[in-house]
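There are 2 protein chains.
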Amino acid sequence: MSAATIKAGLFDRVALIGVGLIGSSLARVLRRDSPQTQIVACARRAETLAAVRRLDLADETTDDPAAAVAGADLVVLATPLSAYAEIGRQIAPALREGAILTDVGSVKGAVIRDLAPLLPPRIHFVPGHPVAGTEHSGPEAGFADLFLDRWCILTPPRGTAPEAVAKITALWEGAGMRVVTMEAEHHDRVMAVTSHLPHLIAYTIVGTATELGQDLQSEVVLYSAGGFRDFTRIAASDPVMWRDIFLENREAVLELLQRFSEDLTALQRAIRRGDGETLHTWFTRTRAIRRSIIEAKQA
Amino acid sequence: MSAATIKAGLFDRVALIGVGLIGSSLARVLRRDSPQTQIVACARRAETLAAVRRLDLADETTDDPAAAVAGADLVVLATPLSAYAEIGRQIAPALREGAILTDVGSVKGAVIRDLAPLLPPRIHFVPGHPVAGTEHSGPEAGFADLFLDRWCILTPPRGTAPEAVAKITALWEGAGMRVVTMEAEHHDRVMAVTSHLPHLIAYTIVGTATELGQDLQSEVVLYSAGGFRDFTRIAASDPVMWRDIFLENREAVLELLQRFSEDLTALQRAIRRGDGETLHTWFTRTRAIRRSIIEAKQA
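Below, the structure is given as structure tokens:
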């Protein structure tokens, strides 16, 4: 996998709308593998665009999404989800006929519902989700190896041109990813378990700890290695991105949260009653899933 | 810190009651730094003792705690907490006068309450908690560097001989740890936040995921890199050890769990109502505590 490269000339002109961790990492891969590909970077904030120029991640920079997409054969939407609808309205009239539009958002059902109706015909919309990231954000945080050996999930709506799906598959495979295709709603249920609920829980517990008063809090920092530290890393993720994820994947997250709360209540009850057997049975079962993850080489 | 060593001859004869991750790691440090120290390893299971002999972690092995402590100037209790009381009764008559008894348990208040009354006078009891570990258990999982640059918390009851505390401090500092002393009850409150609640939450969420049905479960394994994986690592920790921790630190854990549940309910409500501002404010606040941890060099 580490020998993967994006085929030079797969796209002639790529518009990156949003140049955070994911967008800037993709720019780095394109720079590395396909230097002849023109990259136009679009961001709202002047500092972001200045960083893009300093890092030489694009040939052109603009804060106007419509200008960015003009002439592009690939448009990659890599902003927080809440910006999609407005950007969709702005770029729709400017998209080149036959262009492929993809995105990197962590929720797919709501995105397709909001974005698809805005797009003109003869545009190929291939929603995608490269499942990769760190707790850092912004163009400086990106790196070309971010995608290496990670999964990318595409959720093309029924009727999407297979050639467009194939080109987006080639793009992410070139970046080192393993690409799969599934239904958008299924994607959202899987991600609610593997990513969205864990983030919500981590945000909650770290928030709970910050309210314990100053004395205890400084000790929590010192002794964080006992488990808490892993949660703080997750809970340092980008607040806007995650606010949007929870709002857009609301139903799947709330349904899962309900199950989680029931399970937590059961364990709480076992602790209160001194029911060691229930705890032991539960804790033994969870070890098995760790083993599956190690066997699947995801650990 | 990495130049730390246990002073040769600090103890002549060490009895390790329990030779899991912590006990076997301490044995490795003693072997490395003080080869003239005699080590007696005591475990209930024959396979554990066979592993200890195979790994050359002790000079003598036995399944009889009373035999193990005979003549030892240091006794280290490193079993699950639920074994303490019975072992205390067994070793009390066999302890050498002036011997130091310490332990490595993750809960201190209940331990002192149960164990101290069983001990004869002229025994120095210095409860301790080396805050170090991995998700692996057993004598094969230990390694001498486990303690390096980690904290060790001692909770000597009022009136403990300062020389005994000094020797246990020297032991763990020699293993590379930073040693601090605090009240047992305070220790238990701090650990409830930094370690016990995070483990309970991780166990819960991984358990919730295992009940989602076979189809979804295999995908959860594949896409675990999005956050879930960190929880599975924590939830793979030793089930007996953790059952005992929750039962022994019941009050602090339940009190904290109550706060956590209230906070989770508040975030759940914000998601249901589409209240992005509450989510954003919460998620921004949690980033700050991550920065404190990085500044405190605990990340």
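These protein sequence lines are chains X and Y, in that order. Under my numbering, the letters of the first sequence match residues 1 to 299, in that order. Under my numbering, the letters of the second sequence match residues 1 to 299, in that order. Glycine included, every Cβ here is placed at the ideal spot set by N, Cα and C. These numbers were taken from a predicted model, which means no experiment stands behind them.
Contact of Q38 (chain Y) with chain X by beta-carbon distance below 7 Å is absent, the smallest such distance being about 32 Å.
Its chain contains V40, A68, V69, A72, V75 as the residues whose beta carbon lies nearer than 6 Å to that of A15 (chain X), once the 5 sequence neighbours on both sides are disregarded; these appear in chain order. For S34 (chain Y), the CB contacts under 7 Å within the same chain, skipping 5 residues up- and downstream, are I6, A8, G9, L10 in chain order.
Selection X:A92, X:D275, X:G20 evaluated against F143 (chain X) yields X:G20 as nearest (Cα-Cα). Close partners of W172 (chain X) in chain Y (Cβ separation under 8 Å) are lacking, with about 15 Å as the shortest Cβ gap. In the DSSP assignment, Q36 (chain X) falls outside any alpha helix (DSSP H), carrying neither H nor E.
By the Cβ-count criterion, G98 (chain Y) is exposed, with fewer than 16 other Cβ atoms from all chains shown falling within 10 Å of its own Cβ.
Collapsing the DSSP output to three states places T155 (chain Y) in coil. Cβ proximity to chain Y below 9 Å picks out R150, W151, I153 from the segment 138–168 of chain X. According to DSSP, V14 (chain X) shares a beta bridge with X:I39, X:L74. With fewer than three CB-CB distances shorter than 8 Å, the segment 238–258 of chain X does not count as touching the segment 241–260 of chain Y. In this structure, the CA atom of P162 (chain Y) is about 22 Å from the CA atom of A78 (chain Y). Each residue's CA atom was taken as its position, placing M177 (chain X) and F231 (chain Y) some 23 Å apart.
The C-beta distance from L216 (chain X) to V193 (chain Y) rounds to 7 Å, short enough to fall under 8 Å. Straight through space, the alpha carbons of R45 (chain X) and E60 (chain X) are spaced by roughly 15 Å. Neighbours of L279 (chain Y) across chain X, judged by C-beta separation under 7 Å: R243, F246. Interface criterion not met: the Cβ of A83 (chain Y) is under 8 Å from no Cβ in chain X. Taken in chain order, the complete alpha helix (DSSP H) segments of 4 residues or longer contained in the segment 100–132 of chain Y are 109–115. Think of a sphere of 7 Å around the beta carbon of T181 (chain X): no beta carbon from chain Y falls inside it, the nearest being about 13 Å out. Against L216 (chain X), the close residues of chain Y are R189, V190, V193, in the order they occur along the chain (beta-carbon pairs closer than 8 Å).
In this structure, V190 (chain Y) sits away from Y84 (chain X), with a CB-CB distance that is not shorter than 8 Å. Residue contact with chain Y for A296 (chain X): present (Cβ-Cβ distance below 8 Å to some residue of chain Y). Secondary structure at E60 (chain Y): strand, using DSSP grouped into helix, strand and coil. Taking the Cα positions, E295 (chain X) is about 26 Å away from T169 (chain X).
Ranked by Cα distance from I293 (chain X), the first of Y:T286, Y:E262, Y:I289, Y:S218 is Y:S218. Within 9 Å of the CB of G274 (chain X), the CB atoms of chain Y belong to L247, R250, in sequence order along the chain. The beta carbon of I22 (chain X) sits no closer than 8 Å to any beta carbon of chain Y.
For R291 (chain Y) against P239 (chain X), the beta-carbon gap comes to about 14 Å, at or over 8 Å, which does not count as contact. Only F228, R229, D230, F231, T232, R233, I234, A235, A236, P239, V240, W242 from the segment 228–242 of chain X bring a Cβ to less than 7 Å from some Cβ of chain Y.
Nearest CB-CB separation between R44 (chain Y) and chain X: not below the 8 Å threshold. Between L154 (chain X) and P127 (chain X), the gap from beta carbon to beta carbon is short of 8 Å.
When C-alpha distances from P93 (chain Y) are compared across Y:P65, Y:R32, Y:L148, the shortest belongs to Y:P65. For E219 (chain X), the residues of chain Y that pass the 7 Å Cβ criterion are V190, in the order they occur in the chain. Those residues of the segment 197–210 of chain X placed with their C-beta closer than 9 Å to a C-beta in chain Y are L197, P198, H199, L200, I201, A202, Y203, T204, I205, V206, G207, T208, A209, T210, ordered along the chain. For the segment 115–139 of chain Y, the beta-carbon criterion of a distance under 8 Å to any beta-carbon of chain X is satisfied by V131, A132, G133, E135.
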